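Only one structure is covered here, and it is reproduced in the block below.
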Amino acid sequence: MLNKEVGIMLYVDDVDSERDFWQTIGCKIESETETMGYPSFNMRPTADSSALFTVYAKDFIRQVSPEVVDNQPSLLFESEELLMLHAKISAVTDKVSPIQTEPFPSFNFASPSGHYYVVKGV
Numbered sequence: 002m003l004n005k006e007v008g009i010m011l012y013v014d015d016v017d018s019e020r021d022f023w024q025t026i027g028c029k030i031e032s033e034t035e036t037m038g039y040p041s042f043n044m045r046p047t048a049d050s051s052a053l054f055t056v057y058a059k060d061f062i063r064q065v066s067p068e069v070v071d072n073q074p075s076l077l078f079e080s081e082e083l084l085m086l087h088a089k090i091s092a093v094t095d096k097v098s099p100i101q102t103e104p105f106p107s108f109n110f111a112s113p114s115g116h117y118y119v120v121k122g123v
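As structure tokens, this is what we get:
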């Protein structure tokens with residue numbers, strides 16, 4: 002039986018830059034660890050979110066699971082404060098799209114690793 006919590010693993014070149022980015026836009030960093038000399042961290046979009054993201058260094062993943070190092074999920078976040086979040090993300094990266102209205106209010110952005118994410122207004 003699966004638990005209700007969902008864990009998502011992200012693989013990046015620069016774990017520290019990624020942590021700083023996500024923390025700046027409001028994610029909650031729960032823990033930081035080092036395994037085999039490589040940093041990683043756990044974060045949640047909000048303190049009460051059931052989604053837990055673990056960010057690992059690609060070099061670490063190449064050693065322990067090389068077959069998945071290039072996998073990256075396509076993630077859609079939701080926000081009740083789309084305009085505020087768009088402004089916050091725009092302040093830390095130029096890789097953010099204008100807000101679209103169709104088929105629903107949304108925008109996309111890239112984290113320092115170049116992974117793109119979508120935020121949908123709710």
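Residue 88 in our numbering sits at position 87 of the sequence shown, with consecutive numbering throughout. Ideal Cβ placement from N, Cα and C applies to all residues, glycine included. Every value quoted in this text rests on a predicted model; they were computed, and no experiment measured them.
- Here Val120 is not near Ser91, since their CB atoms are 8 Å or more apart.
- In the three-state reduction of the DSSP assignment, Phe105 falls in the coil class.
- Exclusion of the five residues before and after Tyr57 leaves Met10, Leu11, Tyr12, Val13, Val16, Tyr39 and Ser41 as the residues of its chain whose Cβ lies within less than 8 Å of its Cβ.
- Under the DSSP assignment, Met85 falls in the alpha helix (DSSP H) whose first and last residues are Leu83 to Ser91.
- Annotation: the continuous alpha helix (DSSP H) that includes Lys59 extends over Lys59 to Val65.
- According to DSSP, Met2 shares a beta bridge with no other residue.
- By the C-beta criterion, the region 106-120 is judged to be in contact with the region 67-85, since at least 3 inter-stretch pairs fall below 8 Å.
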